[in-house]
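Have a look at the structure below before the remarks.
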Amino acid sequence: MISSDVIRGYNDTLILYMLLEGESYGYEISKNIRQLTEEKYVMKETTLYSAFTRLEKNGYIESFYLDENSLGKRRTYYRITPPGLDYYREKCEEWKVTQEVVNLFIREL
Amino acid sequence: MVYLENMFVSLPKTPEVEHLKQELLSGMEDKYLELKREGKSENEAIGIVISEFGNIEELTAELGIQPVSPEETVPVLTEEEIYAYTTAKRNAGFWIGLGVLLCASGVAFLIFMDALFENYAISAANRSVETGAVMGLIGMFVLIAIAVSMFIYSGMKLERFNYMEKGFQLPYTLKMSIQHSGESFALTYRIAIITGVCLCILSPVFIFAASSINDNYASYGVSAFMVMAGVGVFLFVYYGNIQGAYTNLLEKHQLTVEKKQEVKVVRAVEAIVWPLATAIFLFTGFVYQRWDINWAIFPITGILSGSFSNVYHIMKSKNPS
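Here you go:
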């Protein structure tokens, strides 16, 4: 399991990626991240919800309520916005460059 | 989800924070239920949920909330502390109530001795009348001295809890349990207050009864009246203190500065009015020998100071300046 320090700058990107496929809610997103990374990265609750707050404030995602039919429970769903999509592309570019740069300093010993 | 409550206790209660708390709770519930479905035990599931919670600083940083500085944090009360507080309040109520009763008994004793020697020593030397008064005075001061030491003792016992005046926080579960025991105490409290009121209302009966037999007995009636009213007041003070402990615990953190000031003014006025009433009572008694009617000053003072505090309260709330 990787430390949350290393990935900090990309938590938002991870969440935006999960929303590319369609709207989702908090637990589902964190569960999918866990499965996708084969449990190598588990996003903490506080990380997840502070990211939602930040992304929504910046207008990258928007939230809406949806009633869950089976349980009668109201959930907050999130969907990505066009600025969010732009931001996601930006972050992808940034990561490519970052990866290239860091890779310059990585070698097998 | 006591855990979450405790994590949020140091945060300001803004709508934003409340909303976030609900979101977190919902997410944690989802996770918990799923873990249970996977066959985890309750304890395991809770353990995992808590270990994956993260830290609250991350949220506060995101929300731009300044971490509450140490001197501004209000203490979160523990169960032991609350138990100690209610016990101290109950004891203080008992000792203060007993002290009031002793004060009343002291005055009653003085009147009683005064009347006793006056009635039975008319034929004898004048000296014995004085002896009665002196004995009565000594008895009264001894009783009052004991009472005052009780006041001081219980005041010191309660001093430890002065910090609660500045405000405090209660964990949700504790608040519920206090509310519960407060509700079950309410009936006892009501009965005690009604009994106390009845005692106070009925106590002047002694005076009328005694004076209808013989005018000279009126003073004995006043003595009995004082003791009976003292018992009534004891009930008020004792049960009032226990009730006060519950009220303080459940409502204190909503007490505004204005309200505190109001209480202060009312207390200051009472601190002047009551000793004044006592002084007038003793003066008219000794100088004019009017024990038969001057007791009325106490109920009158009681009604006046009560209406003062009400009027003050209404005036204050009318023009909030």
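Protein chains in written order, with this note's numbering: chain G, 1329 to 1437; chain P, 9 to 329.
For glycine and all other residues, C-beta sits at the position ideal for the given N, C-alpha and C.
Bear in mind that the values here come from a model prediction, so they are computed numbers and not experimental data.
- Kindly identify the DSSP beta-bridge partner or partners of Val84 of chain P. P:Gln177
- Query: Rounded to the nearest angstrom, how far is the Cβ of Ala200 of chain P from that of Leu257 of chain P, given a contact under 8 Å?
  - Reply: The Cβ separation is near 19 Å, so there is no contact.
- Query: What does a CB cutoff of less than 6 Å around Tyr1416 of chain G pick up in its chain, not counting 5 residues either side in sequence?
  - Reply: Leu1344
- Using the rule of at least 16 other Cβ atoms within 10 Å of the residue's Cβ for burial, across every protein chain shown, is Ile288 of chain P buried or exposed? exposed
- Item | Every unbroken beta strand (DSSP E) inside the region 211-263 of chain P [3 residues or more] | none
- Using a C-beta to C-beta distance shorter than 7 Å, which residues of chain A count as neighbours of Glu66 of chain P? Considering every chain present, this structure includes no chain A. Its protein chains are G and P.
- Query: Terminal residues of the continuous beta strand (DSSP E) containing Tyr1406 of chain G?
  - Reply: Arg1402 to Ile1408
- Message: Is Arg1382 of chain G close to chain P? Criterion is C-beta to C-beta, closer than 7 Å.
- Response: yes
- Query: Does Gly1354 of chain G get closer than 7 Å to chain P when you measure Cβ to Cβ?
  - Reply: yes
- To which residues of the same chain is Ser329 of chain P closer than 7 Å at the C-beta, ignoring the five residues directly before and after it? Because the pLDDT of Ser329 of chain P is 45, which lies under 50, any placement of that residue in the model is unreliable, and the number read from its coordinates should be weighed accordingly. Correct list: empty, nothing qualifies.
- Message: For a contact defined as C-beta to C-beta under 9 Å, what are the partners of Lys97 of chain P on chain G?
- Response: Ordered by position in chain G, no residue passes the 9 Å Cβ test against Lys97 of chain P, which lies about 39 Å from the chain.
- Query: Which of the three DSSP states, helix, strand or coil, is assigned to Ile322 of chain P?
  - Reply: helix
- Message: Taking the beta strand (DSSP E) that Leu1394 of chain G belongs to, which residues open and close that run?
- Response: Ile1389 to Asp1395
- Message: Counting only Cβ-Cβ distances shorter than 8 Å, please list the residues of the region 25-54 of chain P near chain G, keeping chain order.
- Response: Leu28, Glu31, Leu32, Ser34, Gly35, Met36, Asp38, Lys39 and Glu42
- Since Val245 of chain P and Ile119 of chain P are thought to touch, with beta carbons under 8 Å apart, how far apart are those beta carbons, to the nearest angstrom? Wrong, their Cβ atoms sit about 22 Å apart, outside the cutoff.
- Taking a cut of 8 Å between CB atoms, which residues from the region 1400-1418 of chain G lie near chain P? Lys1401, Arg1403 and Thr1404
- Query: Can you find a C-beta in chain P that's less than 7 Å from the C-beta of Val1334 of chain G?
  - Reply: no
- Message: Let me check understanding here. Comparing Cα to Cα, which of P:Val295, P:Glu89, P:Thr286 and P:Ile301 lies closest to Val115 of chain P?
- Response: P:Thr286
- DSSP three-state assignment for Ser1352 of chain G, whether helix, strand or coil: strand
- Among G:Arg1435, G:Val1429, G:Phe1392 and G:Phe1433, which has the Cα closest to the Cα of Ser1352 of chain G? G:Phe1392
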